[in-house]
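These protein sequence lines are chains X and R, in that order.
Start counting the first sequence at 12; every next residue gets the next number (my numbering).
Start counting the second sequence at 11; every next residue gets the next number (my numbering).
We put the CB at the ideal spot given by N, CA and C, even for glycine.
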Amino acid sequence: MTRRKFIQKVIEALSAVIIGTCWLAKKASPRRFVRALRVKKYPGSLKPLDNIEKQSKWSG
Amino acid sequence: MCLIAPGQSGDCRVRINIDGVLRTVVYGFPCSINPDPVEKKPFFHFLPGTKTLSLATVGCNLHCKNCQNWEISQANPEDSQAYFCPPEKLVEMAKNSACPSLAYTYTDPVVYYEYTYDTAKLARQSNIRNILITAAYINQQPWKQLLKYTDAARIDLKGMTDDFYIQVTSGTLKPVLDALILTKASGVHLEVINLVIPTLNDKPEQLRRLCRWVKENLGSETPLHFSRFFPQYKMRNLPPTSAETLDMAREIAMSEGLNYVYIGNISSNVGQNTYCPSCKRLLIERSGYTVLQNIIKDGCCPDCSKQIYGVWK
Numbered sequence: 012m013t014r015r016k017f018i019q020k021v022i023e024a025l026s027a028v029i030i031g032t033c034w035l036a037k038k039a040s041p042r043r044f045v046r047a048l049r050v051k052k053y054p055g056s057l058k059p060l061d062n063i064e065k066q067s068k069w070s071g
Numbered sequence: 011m012c013l014i015a016p017g018q019s020g021d022c023r024v025r026i027n028i029d030g031v032l033r034t035v036v037y038g039f040p041c042s043i044n045p046d047p048v049e050k051k052p053f054f055h056f057l058p059g060t061k062t063l064s065l066a067t068v069g070c071n072l073h074c075k076n077c078q079n080w081e082i083s084q085a086n087p088e089d090s091q092a093y094f095c096p097p098e099k100l101v102e103m104a105k106n107s108a109c110p111s112l113a114y115t116y117t118d119p120v121v122y123y124e125y126t127y128d129t130a131k132l133a134r135q136s137n138i139r140n141i142l143i144t145a146a147y148i149n150q151q152p153w154k155q156l157l158k159y160t161d162a163a164r165i166d167l168k169g170m171t172d173d174f175y176i177q178v179t180s181g182t183l184k185p186v187l188d189a190l191i192l193t194k195a196s197g198v199h200l201e202v203i204n205l206v207i208p209t210l211n212d213k214p215e216q217l218r219r220l221c222r223w224v225k226e227n228l229g230s231e232t233p234l235h236f237s238r239f240f241p242q243y244k245m246r247n248l249p250p251t252s253a254e255t256l257d258m259a260r261e262i263a264m265s266e267g268l269n270y271v272y273i274g275n276i277s278s279n280v281g282q283n284t285y286c287p288s289c290k291r292l293l294i295e296r297s298g299y300t301v302l303q304n305i306i307k308d309g310c311c312p313d314c315s316k317q318i319y320g321v322w323k
């Protein structure tokens, strides 16, 4: 192996290690926490705020 | 986690991508607001005998085939009816209705996260406690943020395998286990519930595995509720859980060293009461959601003075 080829191999190997490390670091770092913004209008229909004194029929 | 394409909603149906901006369509628009007994959540070691102003919006990030509230959890906001109730109004309503706490419940507060967070922050300033009833299918970072304003969490541990979570809920197990550990570590009052479903998670070895995990990771003081399954939604082919199976689950949990084990969704003589783990004295007697007597004094057993895990005032 010539010196030039040896250096090329070393550079390739180092590049692979650096790319791999960057990929791993990106995977391991916490995901970005995005707060959703509110909308002004409810897409469904609205009902008046009454009849809320009773126990709920829903579980939990 | 789901990727949301522009113009589309996420898996929960209530978070949408509008021109690259994540928006929640349910902020300030609960579909249900009701004062419930705190025992209905169920919380057995948190302000027993009090009412909690309970709310939910439509939508859920899980799709449990046995969901008891599927009419709201799996609803499209477009097809639903909601109140307009911003956080300030909710806190005011809790104060006016003499509820010492607000419960974020019925569907899952992690789906109406921003609404829960802002309301909880405001409620804390008015000395209203915040309680979350959740499957805790959430990433660590937002969960940590929300726990800062949370006084109590009742978390579903639906099963102990990824297979179970994938098949029954469409979620996965690890985020739930991580959230449970984080909750305990944060000092927030924690109670755990497991819905016992015939043939799916009711085998003694499955129940034992769950109990061992709870004891090893959350401690023997953490209350554990076993709840009775009823055929619902997309799981109508299975029978309700038998009383014998629930009793067996309770026996297993106690033999594994858990101190407070309850059974719910069924009438039970001993499975709804709180006993002192040290001297076995009956401390809280319950019938349904009603507290018949509570003799805990300053958070301790009046006979042997053992401190009882919980928030009592």
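So, at 8 Å on beta carbons, what are the nonlocal neighbours of residue i in its own chain, with the 5 sequence-adjacent residues on each side left out?
{"i": "R:Ala92", "result": "Val36, Phe39, Pro40, Cys41, Thr67 and Val68"}
{"i": "R:Ile28", "result": "Pro16 and Gly17"}
{"i": "R:Tyr116", "result": "Ser42, Ser64, Leu65, Ala66, Asn79, Ile82, Ser83 and Ile143"}
{"i": "R:Gly181", "result": "Asn71, Leu72, Ala145, Tyr147 and Tyr175"}
{"i": "R:Glu98", "result": "Leu132"}
{"i": "R:Pro249", "result": "Pro208 and Pro241"}
Ordered along the chain, which non-local residues of its own chain (more than five positions away) have a Cβ less than 6 Å from that of residue i?
{"i": "R:Lys244", "result": "Lys75"}
{"i": "R:Asn86", "result": "Arg23"}
Are any of the Cβ atoms in chain X nearer than 9 Å to that of residue i?
{"i": "R:Met245", "result": "no"}
{"i": "R:Gly298", "result": "no"}
{"i": "R:Val186", "result": "no"}
{"i": "R:Ser64", "result": "yes"}
{"i": "R:Phe56", "result": "no"}
{"i": "R:Thr115", "result": "yes"}
{"i": "R:Ile143", "result": "yes"}
{"i": "R:Val31", "result": "yes"}
{"i": "R:Met264", "result": "no"}
{"i": "R:Val68", "result": "yes"}
{"i": "R:Met258", "result": "no"}
Should residue i be flagged as near chain R, meaning a C-beta pair shorter than 9 Å?
{"i": "X:Ala47", "result": "yes"}
{"i": "X:Lys38", "result": "no"}
{"i": "X:Phe44", "result": "yes"}
{"i": "X:Leu60", "result": "yes"}
If contacts are defined as beta-carbon pairs under 8 Å, then residue i and residue j qualify, I think. What distance do you get, rounded to the angstrom?
{"i": "R:Gln242", "j": "R:Cys77", "result": "7 Å"}
{"i": "R:Phe236", "j": "R:Ile207", "result": "No, R:Phe236 and R:Ile207 are not in contact; Cβ-Cβ is about 11 Å, not under 8 Å."}
{"i": "R:Leu13", "j": "X:Val45", "result": "That belief does not hold up - the Cβ atoms of R:Leu13 and X:Val45 are roughly 12 Å apart, past 8 Å."}
{"i": "R:Leu268", "j": "R:Cys221", "result": "6 Å"}
{"i": "R:Asn140", "j": "R:Leu167", "result": "Contact doesn't hold; Cβ gap of about 21 Å is too wide."}
{"i": "R:Tyr159", "j": "R:Arg134", "result": "5 Å"}
{"i": "R:Leu132", "j": "R:Val101", "result": "5 Å"}
{"i": "R:Gly274", "j": "R:Arg260", "result": "That belief does not hold up - the Cβ atoms of R:Gly274 and R:Arg260 are roughly 11 Å apart, past 8 Å."}
{"i": "R:Cys311", "j": "R:Ser288", "result": "7 Å"}
{"i": "R:Arg218", "j": "R:Ile262", "result": "5 Å"}
{"i": "R:Asn304", "j": "R:Ile318", "result": "Going by Cβ atoms, the distance from R:Asn304 to R:Ile318 rounds to 11 Å, so no, they are not a contact pair."}
{"i": "R:Thr62", "j": "R:Cys109", "result": "6 Å"}
{"i": "R:Phe54", "j": "R:Pro233", "result": "6 Å"}
{"i": "R:Asp161", "j": "R:Val198", "result": "7 Å"}
Counting only the same chain and skipping the five closest in sequence on each side, list residues whose C-beta sits under 7 Å from that of residue i.
{"i": "R:Leu292", "result": "Asn283 and Tyr285"}
{"i": "R:Leu302", "result": "Glu295 and Arg296"}
{"i": "R:Ile171", "result": "A small fix is needed here, since residue 171 of chain R is Thr in this sequence, not Ile. Here the set comprises Leu183."}
{"i": "R:Val224", "result": "Val202, Thr232, Leu234 and Leu268"}
For a contact meaning CB atoms closer than 9 Å, what does residue i contact in chain R?
{"i": "X:Glu64", "result": "Asn44, Pro45 and Ser107"}
Please compile the residues from chain R whose C-beta is within a distance smaller than 8 Å of the C-beta of residue i.
{"i": "X:Leu57", "result": "Phe39, Gln91, Ala92, Tyr93 and Phe94"}
At a CB-CB cut-off below 9 Å, which residues of chain X make contact with residue i?
{"i": "R:Gln324", "result": "Since the first residue shown for chain R is 11 and the last is 323, residue 324 of chain R is missing from the structure and cannot be characterised."}
{"i": "R:Lys51", "result": "Gly71"}
Check the Cβ of residue i against every Cβ in chain X and list those closer than 7 Å, keeping chain order.
{"i": "R:Thr34", "result": "Ala47 and Arg49"}
{"i": "R:Glu88", "result": "Pro54 and Gly55"}
{"i": "R:Arg25", "result": "Ala47"}
At 8 Å on the CB atoms, spell out the chain X contacts of residue i, in chain order.
{"i": "R:Ile82", "result": "Trp69"}
Let me see if you follow: with CB-CB separation under 9 Å, is residue i close to chain B or not?
{"i": "X:Lys37", "result": "The structure shown contains no chain B; its protein chains are X and R."}
Going by the C-beta, is residue i closer than 8 Å to any heavy atom of the ligand ZN?
{"i": "R:Glu295", "result": "Looking at this structure, you won't find the ligand ZN or any other ligand, since it has none at all."}
Worksheet item: Between the region 124-137 of chain R and chain X, which residues of the former have a C-beta closer than 9 Å to a C-beta of the latter?
Response: Residues of the region 124-137 of chain R whose Cβ lies closer than 9 Å to any Cβ of chain X, in chain order: Glu124, Tyr125 and Tyr127.
Practice prompt. Closer than 9 Å, Cβ to Cβ, to anything on chain X: give me those residues from the region 149-169 of chain R, in chain order.
Written response: Residues Asn149, Gln150, Gln151, Pro152, Gln155 and Arg164.
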